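Q: Pasting in a structure now, in structure tokens, and then I'll have a few things to ask.
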Amino acid sequence: MRCAIALLFVVSGSLVRAADDGFTPLFNGKDLTGWTTYLRPSKDIPNPDPKTTWQVADGVIRCNGKPNGYVMTEKEYSNYVLKVKWRYPAELKAGNTGVLLHCTGEDKVWPSSIEAQLRSGRAGDIWLNPGADGKLPTLSFDAGLKDANDKTDRHYFRIDKDKPVEKAFGEWNEYEITCRDGSITLAINGTKVIEGRNGSLKKGKIALQSEGTEVHFKDIAIKEMK
Numbered sequence: 651m652r653c654a655i656a657l658l659f660v661v662s663g664s665l666v667r668a669a670d671d672g673f674t675p676l677f678n679g680k681d682l683t684g685w686t687t688y689l690r691p692s693k694d695i696p697n698p699d700p701k702t703t704w705q706v707a708d709g710v711i712r713c714n715g716k717p718n719g720y721v722m723t724e725k726e727y728s729n730y731v732l733k734v735k736w737r738y739p740a741e742l743k744a745g746n747t748g749v750l751l752h753c754t755g756e757d758k759v760w761p762s763s764i765e766a767q768l769r770s771g772r773a774g775d776i777w778l779n780p781g782a783d784g785k786l787p788t789l790s791f792d793a794g795l796k797d798a799n800d801k802t803d804r805h806y807f808r809i810d811k812d813k814p815v816e817k818a819f820g821e822w823n824e825y826e827i828t829c830r831d832g833s834i835t836l837a838i839n840g841t842k843v844i845e846g847r848n849g850s851l852k853k854g855k856i857a858l859q860s861e862g863t864e865v866h867f868k869d870i871a872i873k874e875m876k
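Right, dumping it as structure tokens:
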């Protein structure tokens with residue numbers, strides 16, 4: 651009986667803490683309810699099956715990275731704090747994915763959005779993805795962040811780009827993404843890595859990329875703000 655009471659207390663306590671911090675899960679740990687999927691068709695696979703790319707088990711979304719595409723929230727969000735944990739399998743030597751923010755327009759690779767990069771070694775960079783009209787979203791950054799080799803005005807390095815902020819492959823990392831009134835701030839494992847202000851995109855859906863390599867996601871939660 652005492653064990654049962656203790657277990658109830660622990661469960662109840664975690665529920666109270668979850669409610670107190672104001673975050674709402676976007677992923678239920680069981681399936682992709684609340685999300686839609688898109689995978690880029692090809693000549694070999696004109697109708698790719700999302701179930702071969704995305705699987706859910708033990709509270710984790712597992713993506714094998716092929717073909718390119720994403721899972722996307724059914725709802726749109728504007729002002730919020732988003733938390734996402736990710737890891738690459740320990741046996742990999744490189745990984746690539748990202749979190750797409752303020753997604754709008756047609757499904758394609760990639761939709762009009764602002765990408766919070768998760769490529770290994772470059773997590774915390776920002777990429778701007780153009781819409782159907784070819785126009786890039788805009789963000790204002792501090793001097794020195796732009797990729798000097800990128801002539802498209804799309805890629806912005808994180809602060810202290812050569813300072814490691816990611817954990818070893820096989821270990822879980824946490825993104826904390828704050829979007830408010832067109833501004834976006836990214837923090838990785840508790841360290842602020844970049845901030846963009848006065849963005850032209852202020853509302854849209856949230857997506858997790860499938861982009862060539864296996865990656866796992868869990869503990870996806872959002873706290874909306876006014």
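Numbers given in my numbering equal positions in the sequence shown, counted from 1, plus 650. Ideal Cβ placement from N, Cα and C applies to all residues, glycine included. Every value quoted in this text rests on a predicted model; they were computed, and no experiment measured them.
Between residue 697 and the rest of its own chain, which residues show a CB-CB distance below 8 Å, the 5 nearest in sequence each way excluded?
A: Start at 1 with the first residue of the sequence shown, and residue 697 comes out as number 47. Cβ within range, chain order: 691.
Q: For the segment 757-767 against the segment 843-857, do three or more pairs of beta-carbon atoms, one drawn from each stretch, fall closer than 8 Å, so that the two count as touching?
A: Contact holds: three or more Cβ-Cβ distances are below 8 Å.
Q: State buried or exposed for residue 677, treating a residue as buried only when at least 16 other CB atoms are found within 10 Å of its CB.
A: Looking up residue 677 in the sequence shown gives position 27. Buried is the call here.
Q: Using a Cβ-Cβ cut-off of 6 Å (strictly less than) and excluding sequence neighbours within five positions of residue 769, which residues of its own chain qualify?
A: As a working note, residue 769 is residue 119 in the sequence shown. Around residue 769: 746.
Q: Once DSSP output is grouped into helix, strand and coil, what is the label at residue 703?
A: Within the sequence shown, residue 703 is the residue found at index 53, counting from 1. Residue 703: helix per DSSP, three-state reduction.
Q: DSSP three-state call for residue 712: helix, strand or coil?
A: Position 62 of the sequence shown holds residue 712. Residue state, collapsed to three classes: strand.
Q: In this structure, does DSSP put residue 692 in helix, strand or coil?
A: As a first step, residue 692 is located in the sequence shown; it is residue number 42 there, counting from the start. Coil at residue 692, not helix or strand.
Q: Tell whether a beta-carbon distance below 7 Å holds between residue 824 and residue 730.
A: Residue 824 sits at position 174 when you count from the first residue of the sequence shown. Residue 730 sits at position 80 when you count from the first residue of the sequence shown. Not closer than 7 Å, so no.
Q: Are residue 837 and residue 826 close, meaning C-beta to C-beta below 7 Å?
A: Looking up residue 837 in the sequence shown gives position 187. Looking up residue 826 in the sequence shown gives position 176. Closer than 7 Å, so yes.
Q: Within its chain, find whatever has a CB closer than 8 Å to the CB of residue 756; leave out the 5 residues flanking it on each side and keep chain order.
A: As a first step, residue 756 is located in the sequence shown; it is residue number 106 there, counting from the start. Contacts found: 782.
Q: Taking residue 726 as the reference, give the member of 686, 848 and 775 with the closest Cα.
A: Stepping through the sequence shown from its first residue, residue 726 is reached at position 76. The option with the nearest alpha carbon to residue 726 is 686.
Q: Which residue marks the beginning of the beta strand (DSSP E) containing residue 835, and which one marks its end?
A: Within the sequence shown, the letter at position 185 stands for residue 835. Counting along the chain, the beta strand (DSSP E) containing residue 835 begins and ends at 833-838.
Q: I need the DSSP call for residue 779, collapsed to helix, strand or coil.
A: As a working note, residue 779 is residue 129 in the sequence shown. Strand at residue 779.
Q: Count the other C-beta atoms from every protein chain shown that fall within 10 angstroms of the C-beta of residue 787, then say buried if there are 16 or more, exposed otherwise.
A: One-based indexing of the sequence shown puts residue 787 at position 137. Its Cβ being crowded by 16 or more others within 10 Å, residue 787 is buried.
Q: Please determine, among 794, 864, 722 and 752, the residue with the shortest C-alpha to C-alpha distance to residue 779.
A: On the sequence shown, position 129 is the one that residue 779 refers to. The candidate whose alpha carbon is nearest that of residue 779 is 752.
Q: Applying the criterion that 16 or more other CB atoms from any shown protein chain within 10 Å of the CB defines a buried residue, is residue 695 buried or exposed?
A: As a working mapping, residue 695 is identified with position 45 in the sequence shown. Counting Cβ neighbours within 10 Å, residue 695 comes out exposed, since fewer than 16 surround it.
Q: Buried or exposed for residue 665, going by 16 or more other Cβ atoms inside 10 Å?
A: Locating residue 665 in the sequence shown gives position 15, where the first residue counts as 1. In this prediction, residue 665 has a pLDDT of 41, which is less than 50 and means its spatial position is unreliable; what the coordinates show is noted afterwards. Flag for residue 665 reads exposed.
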